[in-house]
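Novice:
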Amino acid sequence: ENAECRAPIYIPETGEGQAPAVPHAASKDGHQETSTKETTARQWQWRMLRDQQRNTPAEGDQQKVSSREVQQEGELSEERQQEPVCSECGCAVSSATLRRYQDAVDFTKEKLKSMSEEDPNVEECLEMIERQGSIFHPFNVWRVRTLDFAFNVAVFNGFWSRALAYGEENLEGMRYCYGSDHPTFCLFLFKLGKAKIYFKEFREGLRLLEEAEPQLKIALGPDHYILEDLNVVSLLANEDVEICMERRNEAYRKQNEVEMEAKDRKKTEKKQLQIFNTITLLGSTVTMDQKSSL
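So the number in this note's numbering is just where the residue sits in the sequence shown, counting from 1, plus 5.
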């Protein structure tokens, strides 16, 4: 400590370069004592230096902190190297995510094993969807199966808005797992198209029904009640004026094509008959000439 130092003392409570206002005891003659003022200033300066030394880590401590940080970074890098990597995108998957995924898969398997396709449980379907969250890929077979159960239970109970949401989310997953020509997928298309028509999405609904109809006819037969229901639902799209006019124009065009084909067929038959008569006449003429020559 330098007793001769007269440098200004700075603390947060005072302005920079100003000494703190410290009251001093008055002397007997009413004047402040100079020695007391200098002693107080030195005490404040010494406290500031001591606090600064306490807050500043020593060189050895800094080396310890840096070595500890390097060690932690090394441990994190080793953990990342040990984490499994996706074969498609190359992203590492944490062990916590894997545990969550496996728990969700086990829970889904257990619930689906005891669930009936004719009467699925609404609460269990919602619980499975919540457990799966965003961990499952849309093409994951357990995700597709769960959404299919939820879609069916919504259709059975007439919750068409909920059925439409589940169906749209699961459309590409069902196509991926079953294939476009599978009867189960075509039945799914029929239900989804029906839901869309109920919500006035006529063109998209008709597109799905038209995609499903050929395979359903092969799988179920043209007289099955599902095909009859499909035709009835398809007629509901006539509520849209544009679709109604398009259908009328299409029917008129087909009728004209049928009539033109009938006319062409009659012309062809008439020509064939004329050719046949000509050949028959020539044959009879040749026969008569041969007889006359004999």
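We put the beta carbon where it would ideally sit given N, CA and C, even for glycine.
Quick one: does the C-beta of Ala-101 sit closer than 6 Å to a heavy atom of the ligand GDP?
Specialist: The ligand GDP is not part of this structure, which contains no ligands at all.
Novice: Cutting at 8 Å between CB atoms, please list the residues of its own chain near Pro-28, excluding the five before and the five after it.
Specialist: Locating residue 28 in the sequence shown gives position 23, where the first residue counts as 1. Summary for Pro-28: the model assigns pLDDT 44, below 50, so the residue's position carries little reliability, and this model does not support an answer.
Novice: Along the alpha helix (DSSP H) that carries Pro-188, what are the first and last residues, could you check?
Specialist: Reading the sequence shown from its first residue, position 183 is the one you call residue 188. Residues 188 to 203.
Novice: Going by the CB atoms, is the gap between Glu-216 and Leu-194 shorter than 7 Å?
Specialist: Here residue 194 refers to the residue found at position 189 when the sequence shown is read from its first residue. Here residue 216 refers to the residue found at position 211 when the sequence shown is read from its first residue. Yes, these two residues count as a Cβ contact at 7 Å.
Novice: Starting from the N-terminal side, write out each stretch of the alpha helix (DSSP H) that is 4 residues or longer and does not extend beyond the stretch 94 to 141.
Specialist: Segments of the alpha helix (DSSP H) lying fully in the stretch 94 to 141: 100 to 118 and 127 to 137.
Novice: In whole angstroms, what is the alpha-carbon distance linking Leu-301 and Ala-101?
Specialist: Any question about residue 301 goes unanswered here, given that the chain covers just 6 to 299.
Novice: Could you tell me which residues DSSP pairs with Val-90 in its beta bridges?
Specialist: Here the question's residue 90 lines up with position 85 in the sequence shown. BP columns for Val-90 point to Ala-97.
Novice: With DSSP as the reference, label Ala-242 as helix, strand or coil.
Specialist: As a first step, residue 242 is located in the sequence shown; it is residue number 237 there, counting from the start. Helix.
Novice: Check each candidate in Pro-89, Ala-267 and Val-127 and name the one with the smallest Cα separation from Pro-153.
Specialist: Taking the sequence shown and counting its residues from 1, the one referred to as residue 153 is at position 148. Checking the sequence shown, residue 153 turns out to be Asp, not Pro. Answer by Cα proximity: Val-127.
Novice: To the nearest angstrom, how far is it from the Cα of Glu-244 to the Cα of Arg-252?
Specialist: Taking the first residue of the sequence shown as 1, we reach residue 244 at position 239. Taking the first residue of the sequence shown as 1, we reach residue 252 at position 247. Taking the straight line joining both Cα atoms gives about 12 Å.
Novice: Would you check if the stretch 113 to 121 and the stretch 130 to 145 touch, i.e. whether three or more CB-CB distances between them fall below 8 Å?
Specialist: Touching, yes, given that three or more Cβ pairs across the two stretches are closer than 8 Å.
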